[in-house]
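K.L.:
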Amino acid sequence: MELQGHKISNLGKFRSYFCLEEVAGKLDILVKDFRNIFYEEKKDQDCFEFIRRCAGQREPARLFLMGEVNEDELCSYVGKDEVWLYLQPGKKDGLGEGMGISDGGGLQIFLQFQDRENLERILRTPLATEEPWLTAQLIAVCELARFSCPVDYFAKAGFAGSGGACGGLADDGMAQRAGQRLSGGGEEPKVDFDQTVAQAEFKLWDPDQDSQADIVTKKLTRETYTKYSSGAEIVVRDGWGEKVLRAGKRLVHELYGNFIGERLVELLPEESVCGDFRVYKEWQDDGRMVLKREKGKTSLPPYQGDVEAFSRMSCFAATEDDGLLGIKEGKVFACTSLVKPARLWGERAVYVCEAKGLYAILTEKGRLVTNVEFCGKNVCMVRMDGQGNVYALQRDGRVATSNPNMKDELGRHEKIVQLWCERDQGKLILRDMQGKEFGVEIREGYVGCLNH
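So the sequence shown is numbered by our numbering: it starts at 517 and just counts up by one.
1) May I have the straight-line CA-CA distance separating residue 925 from residue 845, to the nearest angstrom?
2) Would residue 722 and residue 956 be called neighbours here (beta carbons separated by less than 7 Å)?
3) Look up residue 879 in the DSSP assignment and say whether it is helix, strand or coil.
4) According to DSSP, is residue 543 part of a helix, a strand, or is it coil?
5) For residue 853, count neighbouring Cβ atoms within 10 angstroms of its own Cβ and tell me buried if that reaches 16, exposed if not.
6) Would you call residue 774 buried or exposed, if buried means 16 or more other Cβ atoms sit within 10 Å of its Cβ?
7) Can you list the beta strand (DSSP E) stretches of 3 or more residues lying completely in the region 845-923, in chain order?
8) Distance check for residue 868 and residue 812, CA to CA, integer angstroms please.
9) Hey, how far is the Cα of residue 658 from the Cα of residue 947?
10) Under the DSSP definition of a beta bridge, which residues are partnered with residue 937?
11) Buried or exposed: residue 630, going by 16 or more other Cβ atoms within 10 Å of its Cβ?
12) With a threshold of 16 other CB atoms inside 10 Å of the CB of residue 748, please say whether the residue is buried or exposed.
13) For the beta strand (DSSP E) that contains residue 954, what are its first and last residues?
14) Using a threshold of 6 Å, is the CB atom of residue 887 nearer than that to any non-hydrogen atom of the ligand FAD?
15) Indicate the three-state DSSP secondary structure (helix, strand or coil) for residue 843 in the structure shown.
16) In the structure shown, what three-state DSSP assignment does residue 651 receive?
17) Compute the Euclidean distance between the alpha carbons of residue 851 and residue 751, then round it to the nearest angstrom.
18) Going by beta carbon distance, what residues of the same chain come within less than 7 Å of residue 656, once the five residues before and after it are set aside?
19) Taking the CB atoms as reference points, tell me whether residue 763 and residue 795 lie closer together than 7 Å.
20) With DSSP collapsed to three states, give me the class of residue 750.
21) To the nearest angstrom, how far is the alpha carbon of residue 862 from that of residue 531?
22) Under the rule that 16 or more other beta-carbon atoms within 10 Å means buried, what is residue 960, buried or exposed?
23) What is the residue span of the alpha helix (DSSP H) that residue 669 lies within?
24) Out of curiosity, what's the CA-to-CA distance linking residue 785 and residue 735?
25) Go through its chain and collect everything with a Cβ distance to residue 855's Cβ below 7 Å, but skip five positions before and after it.
26) What does the Cβ neighbour count give for residue 839, buried or exposed, with the cut at 16 atoms within 10 Å?
27) Measuring CA to CA, which of 547, 538 and 848 is closest to residue 757?
28) With residue 534 as the anchor, note down where its beta strand (DSSP E) starts and where it stops.
29) With a threshold of 16 other CB atoms inside 10 Å of the CB of residue 681, please say whether the residue is buried or exposed.
30) Which residue from 667, 643 and 958 puts its Cα closest to that of residue 917?
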């Protein structure tokens with residue numbers, strides 16, 4: 517793994533460059549990479565084993581400040597100085613005498629480098645109450661680094677409740693994403709990056725996860741930055757921990773992404789090209805984003821109408837009449853004479869594409885609203901080729917298409933997790949769960965158009 521831009525290959529480097537915000541965003545990488553690190557002390561090995569078992573099995577974790585143990589609480593407050601972290605193997609195993617912990621398969625660590633007062637304050641935070649195993653895991657990470665847990669980190673509002681999380685790579689909506697914060701409540705979901713965060717990592721969606729969850733568009737923004745900053749790298753990893761190069765981007769101001777649960781489906785494009793016509797986002801000196809358009813090398817006047825709507829579009833598609841279809845807060849805006857989208861019937865739009873007056877709008881429920889003859893279900897990604905044929909990745913990992921000359925070939929592939937359409941090259945790029953990418957040549961086929 518990398519920390520502070522340095523490759524970490526031993527515990528010495530880990531402790532030299534340790535940053536809790538950065539490490540908490542890479543817990544799954546830590547578990548994967550630290551299997552190969554040599555531990556001179558058994559306590560360090562126990563710390564790593566504790567972190568690994570928390571991440572892999574979600575076993576109940578408890579923090580004991582010595583003395584009597586209350587089985588319904590995370591910890592017991594007494595006067596002695598010793599502090600132990602305990603991973604409980606079963607829900608109601610008998611806790612023994614003495615240290616208050618059993619030897620029946622549990623994993624216990626003496627917290628030598630933690631401040632007792634800090635720990636008592638941490639255990640009163642909402643995160644410790646609602647996610648004790650996660651709290652214990654992060655405390656163990658700090659212990660492995662010989663770093664005293666910072667109370668303010670655990671007390672951040674973004675950790676609390678089901679509407680907020682401290683995560684980015686996890687499929688359960690919890691940790692692995694500290695350094696980013698999802699806002700909860702009625703506000704628009706977004707991920708904020710602290711100034712110290714060098715990169716953010718997300719785990720890629722796959723067909724085995726979240727079969728019933730809606731697709732949600734979230735905004736990724738940098739909380740603080742200067743005009744000299746080059747941005748933060750968004751890293752996307754598949755189920756094997758491999759980086760998905762096509763899926764990542766550099767975040768300079770803000771990005772939008774579609775998520776299923778806490779897993780990333782795709783980052784949404786910041787520009788759309790149709791022939792020599794281009795629509796793209798541009799940031800002004802006052803921090804506002806405007807949607808610009810150009811024909812060849814010539815700038816065109818900005819779109820008229822609702823300026824605010826165009827300044828915050830999550831997804832848009834340029835059209836052949838130098839217009840666009842766009843989405844803002846789930847609603848579709850049509851600034852073109854070629855397309856009149858059908859009603860969404862109360863669903864939110866999460867992706868839009870267009871070609872030659874044909875369009876496809878993906879809703880949060882996985883439904884495609886389109887004027888193309890298409891048969892597919894429970895879609896999570898959609899693309900169009902230059903002729904207007906639809907290629908849709910379904911939640912079962914299969915690719916459905918309106919192109920009759922491509923159905924048999926695409927139907928042979930299973931467990932697909934990403935779909936790209938290179939319109940100029942006439943090629944469809946697929947990525948499967950094993951990390952293999954391969955191209956499929958697009959063959960022209962009859963495009964059936966519906967009357968709406």
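Backbone N, C-alpha and C define an ideal beta-carbon position, used for all residues, glycine too.
Quick caveat: nothing in here was measured; it's all calculated off a predicted structure.
P.N.:
Answer, in terms of the structure:
1) Mapped onto the sequence shown, residue 925 falls at position 409. Mapped onto the sequence shown, residue 845 falls at position 329. For residue 925 and residue 845, the distance between alpha carbons rounds to 36 Å.
2) Sequence index remark: in the sequence shown, residue 722 carries index 206 (1-based). Sequence index remark: in the sequence shown, residue 956 carries index 440 (1-based). Against a cut-off of 7 Å, the Cβ pair of residue 956 and residue 722 comes out as no contact.
3) Here residue 879 is taken as the residue at index 363 of the sequence shown, counted from 1. The answer is strand: DSSP assigns residue 879 an E or B state.
4) Reading the sequence shown from its first residue, position 27 is the one you call residue 543. DSSP places residue 543 in helix when its eight states are reduced to three.
5) Start at 1 with the first residue of the sequence shown, and residue 853 comes out as number 337. The residue is exposed, with fewer than 16 neighbouring Cβ atoms inside 10 Å.
6) As a working note, residue 774 is residue 258 in the sequence shown. Flag for residue 774 reads buried.
7) 847-851, 865-871, 874-879, 884-886, 895-900, 906-910 and 915-917
8) For the purposes of this step, residue 812 is taken as residue 296 along the sequence shown, with counting starting at 1. For the purposes of this step, residue 868 is taken as residue 352 along the sequence shown, with counting starting at 1. Using only the alpha carbons, I get a separation of about 23 Å.
9) The residue given as residue 658 occupies position 142 in the sequence shown. The residue given as residue 947 occupies position 431 in the sequence shown. One C-alpha to the other measures close to 37 Å.
10) One-based indexing of the sequence shown puts residue 937 at position 421. According to DSSP, which records beta bridges pairwise, residue 937 is partnered with 944.
11) Position 114 of the sequence shown holds residue 630. By the 10 Å Cβ count, residue 630 comes out buried.
12) Taking the first residue of the sequence shown as position 1, residue 748 is located at position 232. Classification for residue 748: buried.
13) For the purposes of this step, residue 954 is taken as residue 438 along the sequence shown, with counting starting at 1. Unbroken beta strand (DSSP E) run through residue 954: 953-957.
14) Summarising the ligand content, the structure contains no ligands, and the ligand FAD is consequently not present.
15) In the sequence shown, residue 843 corresponds to position 327, counting from 1. In this structure, residue 843 counts as strand in the three-state DSSP scheme.
16) Along the sequence shown, read from residue 1 onward, the residue named residue 651 stands at position 135. If DSSP states are grouped into helix, strand and coil, residue 651 belongs with the helices.
17) To locate residue 851, count along the sequence shown from 1; it is residue 335. To locate residue 751, count along the sequence shown from 1; it is residue 235. In a straight line, the C-alpha of residue 851 is about 33 Å away from that of residue 751.
18) On the sequence shown, residue 656 is found 140 positions in, with the first residue counted as 1. Counting only Cβ-Cβ distances below 7 Å, and skipping sequence neighbours, we find 563, 566, 567, 601 and 625.
19) Indexing the sequence shown from 1 puts residue 763 at position 247. Indexing the sequence shown from 1 puts residue 795 at position 279. It is not a contact, given that the beta carbons lie outside the stated cut-off.
20) If you number the sequence shown from 1, residue 750 lands on position 234. DSSP places residue 750 in strand when its eight states are reduced to three.
21) Numbered from its first residue, the sequence shown carries residue 862 at position 346. Numbered from its first residue, the sequence shown carries residue 531 at position 15. Taking the straight line joining both Cα atoms gives about 52 Å.
22) Locating residue 960 in the sequence shown gives position 444, where the first residue counts as 1. With fewer than 16 other Cβ atoms within 10 Å, it is exposed.
23) The residue given as residue 669 occupies position 153 in the sequence shown. Per DSSP, residue 669 belongs to the alpha helix (DSSP H) from 667-670.
24) The sequence position of residue 785 within the sequence shown is 269, counting from 1. The sequence position of residue 735 within the sequence shown is 219, counting from 1. Straight-line Cα distance between these residues: approximately 12 Å.
25) The residue labelled residue 855 in the question sits at position 339 within the sequence shown. 835, 841, 870, 873 and 875.
26) Taking the sequence shown and counting its residues from 1, one reaches residue 839 at position 323. By the neighbour-count rule (16 or more Cβ atoms within 10 Å), residue 839 is buried.
27) As a working note, residue 757 is residue 241 in the sequence shown. The shortest Cα separation from residue 757 among 547, 538 and 848 belongs to 547.
28) Taking the first residue of the sequence shown as 1, we reach residue 534 at position 18. Residue 534 -> no beta strand (DSSP E), and no H or E assigned at all.
29) As a working note, residue 681 is residue 165 in the sequence shown. Unreliable placement is indicated for residue 681, whose pLDDT of 27 sits below 50; no coordinate value is reported for it.
30) Numbered from 1 along the sequence shown, position 401 holds the residue referred to as residue 917. Answer by Cα proximity: 958.
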